[in-house]
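When we follow the working numbering, the leftmost residue of the sequence shown carries the number 268, and every step to the right adds one. Notes to accompany the following structure.
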Amino acid sequence: VVGRDVGALGKHLVLIGFMGAGKTTVGRDVAHRIERPFIDLDQVIEDAHGSIPELFEQGEGQFRALERSLAEDVLRTREPSVIALGGGAVESTETRDLLRRSAFTVHIRIGVDTAWERARDSGRPLARDEREFRRLYQVRQAVYTATADAAADDAPDTVRSSLGIRVGPRGVLSAGALVADERVLDLHPLDLGCPVLRVPPGEPAKHGEVVRRLWNGLELGRDERLLAYGGGTTTDVAGFVAATYLRGVRWTALPTTLVGQVDAAIGGKTGIDLELGKNLVGVFHYPEAVVCDPSFLATLPPEERRAGMAEVVKTGLLAGEPFWELEDEAMVRECAAYKAAVCLSDPFEETGRRAVLNLGHTFAHALEAAAGFQLRHGDAVALGLRAALRLSGQSTDVVDEVLAPEAVDVDLDAAWEAMRRDKKNRGGRIRLVLLAEPGRPVFPAELPEAEVRAALSELLRS
Ligand SMILES: NC(=O)c1ccc[n+]([C@@H]2O[C@H](COP(=O)([O-])OP(=O)(O)OC[C@H]3O[C@@H](n4cnc5c(N)ncnc54)[C@H](O)[C@@H]3O)[C@@H](O)[C@H]2O)c1
């Protein structure tokens, strides 16, 4: 199915790169973030056959044959894992073929000078002679570049690239059709030399009539790609159209809002609204690439920026890092890496891990419903975070200082009823995401109803 094979979804995530690049350290870190087993091929070799320098002494050819056969065993294991391959393992054409078929391969980059500094005293067989080391570096770079699906510098970068996420100048893009928010198109004209289909700004884009118009307007072949250009509403509707047109075509997201870059364009959820409520129709359809260019954020109106900051604060609280203090590009990078890691660990919302992304959202959705969806989502999330922090026994300073949400004028009973209908609830009990401390989300947390209702009522204007 198109979209199920994006990036490292359902496949091994294999790290390749020159000696000293840090494949083992990065690999272990990435495996922890995306909750997959970590396999270090050099360790597998040493556990089974003894020290690599000693094996090397017996002849490089023999060592490479052993490495090839163990790489094959490891790559054939079924459970998608994070695998660090030795620097020379990709010299084998068999291994490269297997990587192409069964893995998403990331080249962990390192400069030759740093590599030499790290490797020179390591006792590695190929790091004894500097000239030879530098020559080998040049030869191997070409192999790594030709073999890898992506390149990365560290663990967060590896996680992002495993879902096709790139943060920085948008560079050259191509598509068979462009689905764009008409306001964004006026502010930031984009000509890709392909047909352009406009959607209205904001929530009206996520409407069945818009979907029908897009289906009818598209003239895409199955191998062509749709590009969604706008905020979360545009990527939600365009992704949904990409998922359903011709039973699924590939798509790229070019999110232009902070909400889009740190949240909505990541994680494969696409959908539209019904009269009964938001996001009631939708499917998972991961974009093949997500290009987050922070320069778009310069034209965001303050209220849209505030909406994005609510998600930034949420992500920072979940990660235990003050992402909200960073400048835009770094902030987007960190938040995107966090969400991508959670989604890679539970791509289709099957294990419950993704539920942590709902920190503050149970309250927010209830307030939005009670306000007849006239309340801005970001403002509702800000209030929801305050309630979640309070119930977690944590300071609410960050919410008060960074987001400063104002109490809302909605009916407590209506909000409470909406909270009781939350889709995370089981057996009539409200299940919340709380924080044991920043960086340690707890789900499901069940508290006495009176306590939850009191926290909800504190968000309302009395
Ligand atoms: N799929 C998901 O996982 C997910 C996650 C979170 C939110 N969402 C959805 O995302 C939507 C909210 O996204 P949003 O906050 O990006 O809203 P949005 O797409 O409506 O954009 C907000 C406003 O900003 C304007 N805009 C966009 N880019 C701009 C720019 N660079 N400069 C100036 N104005 C710009 C738009 O025209 C619009 O008026 C909701 O529908 C929500 O349900 C989806």
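Glycine included, every Cβ here is placed at the ideal spot set by N, Cα and C.
Residue from the options with nearest C-alpha to residue i
i, options, result
"Glu358", "Val379, Glu327 and Val349", "Glu327"
"Trp383", "Leu652, Gln405, Asp530 and Arg621", "Gln405"
"Asp676", "Arg657, Leu726, Asp667 and Thr629", "Leu726"
"Ala685", "Ala636, Arg465 and Gly438", "Ala636"
"Arg391", "Ile319, Tyr411 and Leu481", "Ile319"
"Arg687", "Asp680, Leu679 and Ile697", "Ile697"
"Leu352", "Thr414, Leu440, Glu397 and Gln325", "Thr414"
"Arg343", "Leu365, Glu555 and Phe710", "Leu365"
"Ala655", "Pro672, Glu716, Leu723 and Trp591", "Leu723"
"Asn625", "Leu521, Leu584, Ala409 and Glu324", "Leu584"
"Val269", "Gly534, Glu555 and Phe400", "Glu555"
"Val628", "Pro468, Leu322, Asp689 and His299", "First, the residue type needs correcting, since residue 628 is His and not Val in the sequence shown. For His628, the nearest C-alpha among the options comes from Asp689."
"Phe563", "Val709, His279, Ala622 and Leu452", "Leu452"
"Glu673", "Arg657, Gly660 and Ala649", "Ala649"
"Val623", "His632, Lys606 and Leu634", "Lys606"
"Thr750", "Gly355, Leu547, Arg295 and Asp595", "Summary: the structure shown does not reach residue 750, with the chain confined to residues 268 through 729, and so no result is reported for it."
"Gly587", "Glu313, Leu322, Arg492 and Ala703", "Ala703"
"Leu652", "Phe590, Asp560 and Glu578", "Glu578"
"Ile432", "Val666, Phe640, Leu611 and Gly706", "Leu611"
"Thr381", "Ala647, Ile283, Gly287 and Arg572", "Gly287"
"Thr663", "Gly619, Ala638, Glu324 and Pro705", "Pro705"
"Leu642", "Met598, Glu570, Val580 and Ala597", "Glu570"
"Leu333", "Glu313, Ser348 and Val516", "Glu313"
"Arg303", "Phe323, His644, Pro347 and Arg331", "Pro347"
"Leu430", "Arg295, His299, Gly277 and Gln408", "Gly277"
Three-state secondary structure (DSSP) of residue i
i, result
"His628", "helix"
"Pro614", "coil"
"Ala442", "coil"
"Val463", "strand"
"Val434", "strand"
"Val669", "helix"
"Val349", "strand"
"Leu547", "strand"
"Ala447", "strand"
"Val658", "Contrary to the premise, residue 658 reads as Leu rather than Val in this sequence. In the structure shown, Leu658 sits in a helix (DSSP, three-state: H, G or I)."
"Val373", "strand"
"Leu337", "helix"
"Ala418", "strand"
"Thr344", "coil"
"Leu403", "helix"
Distance between beta carbons of residue j and residue i, contact taken as under 8 Å
i, j, result
"Ala603", "Gln528", "7 Å"
"Trp518", "Ala531", "Going by Cβ atoms, the distance from Trp518 to Ala531 rounds to 14 Å, so no, they are not a contact pair."
"Arg489", "Leu459", "So it is not a contact: roughly 19 Å between Cβ atoms."
"Cys461", "Gly475", "Actually they are not in contact, since the Cβ atoms of Cys461 and Gly475 sit about 25 Å apart, beyond 8 Å."
"Val548", "Gly538", "6 Å"
"Phe710", "Phe615", "Their Cβ separation, rounded to whole angstroms, is 17 Å, which puts Phe710 and Phe615 out of contact at 8 Å."
"Leu730", "Leu714", "Coverage of the chain is limited to positions 268 through 729, which leaves residue 730 absent and any answer about it impossible."
"Pro471", "Glu449", "Pro471 to Glu449, Cβ: 11 Å. No contact."
Beta-carbon contacts of residue i that lie in its chain and below 7 Å, excluding the five residues immediately before and after
i, result
"Leu481", "Val446, Leu464 and Val508"
"Val341", "Ile306, Leu308, Val311 and Ile350"
"Leu454", "Thr566"
"Ser428", "Val373, Ala417 and Ala419"
"Arg363", "Val357 and Thr414"
"Val379", "Arg401 and Tyr404"
Any non-hydrogen atom of ligand 3 within 8 Å of residue i CB
i, result
"Asn625", "What this structure holds is ligand 1, not ligand 3."
Cβ neighbours of residue i in the same chain (closer than 6 Å, five flanking residues each side left out)
i, result
"Asp540", "Lys473"
"Thr291", "Asp307 and Ala351"
Scan the stretch 466 to 535 and note each continuous alpha helix (DSSP H) run of 4 residues or more that stays entirely inside, going in chain order. The stretch 466 to 535 contains these whole alpha helix (DSSP H) runs: 475 to 484 and 499 to 511.
Threshold first: 4 residues or longer. Then list the alpha helix (DSSP H) segments lying entirely within the stretch 703 to 727, N to C. With a minimum length of 4 residues, the continuous alpha helix (DSSP H) runs that stay inside the stretch 703 to 727 are 716 to 724.
My parser needs the alpha helix (DSSP H) runs of 4 or more residues fully inside the stretch 273 to 331; what are they? List check, alpha helix (DSSP H) in window: 290 to 301, 308 to 316 and 319 to 324.
In the stretch 539 to 603, which residue ranges form an unbroken alpha helix (DSSP H) of at least 4 residues, counting only runs that do not cross its ends? Counting whole runs of 4 or more residues, the stretch 539 to 603 contains the alpha helix (DSSP H) stretches 569 to 586.
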